[in-house]
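Asks: In the numbering used here, each number is its position in the sequence shown, counted from 1, plus 270.
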Amino acid sequence: MDPIDRKTFLASASAATLSAAAPRAANADTRDAVFLSTWKWGVEANAKAAATFDGGGSLIDAIEKGINVVENDPNVTTVGYGGLPNAEGEVELDAGIMDGTTHRAGSVCNLHKIKNPISVARLVMERTRHTTMAGEGALQFAIAMGFTPMQLLTSRALEAWLKWKNTPDHETFWIGPEHHDTIGMVAATGGRVAAGCSTSGLAWKIPGRVADSPLVGCGYFADDAAGAASATGDGDVMTNYVTSKHIVQKMSEGMHPQEACRDLMRYMAKSARDLRTNMYCVIAIDTRGQVGALSMNAAQPLHYALWRNGQGALHTAEHYL
Ligand code: ASP
């Protein structure tokens with residue numbers, strides 16, 4: 271693919287948006303668009319998503335722009351620029367996005383040097399016949415699409431990595447709840463839904479590790495037949511439960527989003543490890559804009575941001591155990 275300059279890219283990307291993303295429903299306006307996101311940074315992400323939608327964007331535009339806010343923030347050490355690196359000191363990003371109307375998804379895994387993996391994932395969805403791109407190929411695709419590679423390791427993240435590296439007998443592959451998180455966002459308006467998520471994954475992970483976030487049906491899923499869901503927490507475990515697809519499936523069988531989240535936790539509780547201490551969290555929305563949010567236990571509570579009727583607020587989710 272020939273590289274294109276950023277201006278051409280932006281023009282063609284917005285043309286692709288018009289042609290590939292599901293157009294807004296005629297009766298859709300911000301007042302009936304609901305945005306639900308994980309963690310405290312979801313408040314700002316939702317506000318940006320709502321402003322994007324209000325400005326005439328599609329749900330996919332809204333999700334992308336909302337998630338970009340968190341990816342661009344160096345103070346969020348679990349997403350995008352400023353994310354903590356893998357065991358070799360390289361920031362390795364994962365993201366995925368899905369349009370519930372077209373049933374198309376796009377994702378990138380192990381993406382280096384590009385601070386907005388959700389935007390690259392969107393272009394995988396809209397500009398290729400593929401769904402998932404990984405590693406060097408994903409980076410080359412991003413460059414061809416006009417993204418500029420940059421150093422994603424901030425001095426704060428470098429300092430944290432050096433401290434870990436230089437600690438004798440440092441724990442590997444899992445160091446605690448502060449060192450992984452995701453921005454997951456689900457949205458509904460006018461009977462349509464969409465979902466997206468973006469993360470730097472587990473701090474100090476083995477290079478090449480891919481968990482739930484960029485895998486369709488795991489970190490995110492959206493289907494206008496029922497609703498959308500996203501997951502955050504220990505993705506090495508949650509992947510094995512295909513969490514987001516499970517929840518959407520249950521909503522399609524008539525469950526309220528909250529009950530669908532509980533059903534997922536019931537299913538996980540039969541076999542997942544460390545139920546009282548490990549972090550397993552989910553959010554869900556149905557096509558009517560009803561929402562659900564749940565964490566497995568009280569030790570790792572999920573905070574989520576909800577935007578409805580033009581207003582945003584941060585809440586603490588119910589816990590299952
Ligand atoms: N699920 C993400 C991962 O395991 C991290 C998180 O959401 O906390 O990579």
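Every residue, glycine too, gets a C-beta built ideally from N, C-alpha and C.
Would V552 and S307 qualify as a contact pair, given that the criterion is a beta-carbon distance under 9 Å?
Replies: Residue numbering aside, residue 552 sits at position 282 when the sequence shown is read from its first letter. Residue numbering aside, residue 307 sits at position 37 when the sequence shown is read from its first letter. Their beta carbons are not under 9 Å apart, which means V552 does not touch S307 by this criterion.
Asks: Going by the CB atoms, is the gap between D302 and L329 shorter than 9 Å?
Replies: As a working note, residue 329 is residue 59 in the sequence shown. As a working note, residue 302 is residue 32 in the sequence shown. No, the Cβ-Cβ distance between L329 and D302 is not below 9 Å.
Asks: Residues with a Cβ closer than 7 Å to any heavy atom of the ligand ASP, in chain order?
Replies: So the residues near the ligand ASP by this Cβ test are T348, D364, H450, D451, T452, T469, G471, L472, A481, D482, S483, G489, A501, T502, G503, D504, G505, D506, M508 and M549.
Asks: Taking the continuous alpha helix (DSSP H) assigned at N380, which residues delimit it?
Replies: Counted from its first residue, the sequence shown places residue 380 at position 110. Per DSSP, N380 belongs to no alpha helix (DSSP H); it is in the beta strand (DSSP E), R374 to L381.
Asks: Quick one: measure Cβ to Cβ for H516 and L534, integer angstroms, because I've assumed they're closer than 8 Å.
Replies: For the purposes of this step, residue 516 is taken as the residue at position 246 of the sequence shown. For the purposes of this step, residue 534 is taken as the residue at position 264 of the sequence shown. Indeed, because the Cβ distance is near 5 Å, the residues count as touching under 8 Å.
Asks: Thinking just about the alpha-carbon of each residue, which of V346, C531, K520 and I555 is nearest to the one in G466?
Replies: For the purposes of this step, residue 466 is identified with residue 196 of the sequence shown, where counting begins at 1. With distances taken between Cα atoms, G466 lies closest to I555.
Asks: What would DSSP say about W309, mapped onto helix, strand or coil?
Replies: Working through the sequence shown from its first residue, we reach residue 309 at position 39. In this structure, W309 counts as coil in the three-state DSSP scheme.
Asks: For the pair the segment 404-422 and the segment 325-343, tell me if three or more CB-CB distances fall below 8 Å.
Replies: Not touching, per the Cβ criterion.
Asks: Would A587 pass as a contact of S565 if the rule is Cβ separation under 9 Å?
Replies: Residue mapping note: residue 587 aligns to position 317 of the sequence shown, counting from 1. Residue mapping note: residue 565 aligns to position 295 of the sequence shown, counting from 1. Yes, the pair counts as a contact, with Cβ atoms nearer than the cut-off.
Asks: Can you tell which of S500, D451, A357 and V378 has its C-alpha closest to the C-alpha of A464?
Replies: Your numbering for residue 464 matches position 194 in the sequence shown. Checked all of S500, D451, A357 and V378; the closest Cα to A464 is S500.
Asks: Within 10 angstroms of the Cβ of P387, are there 16 or more other Cβ atoms? Answer buried if so, exposed if not.
Replies: Here the question's residue 387 lines up with position 117 in the sequence shown. So P387 ends up on the buried side.
Asks: In chain order, which continuous runs of the beta strand (DSSP E) of length 3 or greater are located wholly inside the segment 361-442?
Replies: DSSP runs (the beta strand (DSSP E)) wholly in the segment 361-442: 363-369, 374-381 and 402-404.
Asks: Using CA atoms only, rank isn't needed, just tell me which of A357, H573 and G407 is closest to E441.
Replies: Counting from one through the sequence shown, the residue named residue 441 turns up at place 171. Nearest of A357, H573 and G407 to E441, Cα basis: A357.
Asks: According to DSSP, simplified to helix, strand and coil, what is Y230?
Replies: Beyond the ends of the chain as shown, which are 271 and 591, falls residue 230; an answer cannot be given.
Asks: Is the Cβ-Cβ distance between A496 and S522 less than 9 Å?
Replies: Position 226 of the sequence shown, counting from 1, holds the residue named residue 496. Position 252 of the sequence shown, counting from 1, holds the residue named residue 522. Yes, the Cβ-Cβ distance between A496 and S522 is below 9 Å.
Asks: Going by DSSP in three states, N579 sits in which element: helix, strand or coil?
Replies: Along the sequence shown, read from residue 1 onward, the residue named residue 579 stands at position 309. Of the three classes helix, strand and coil, the one that applies to N579 here is coil, per DSSP.
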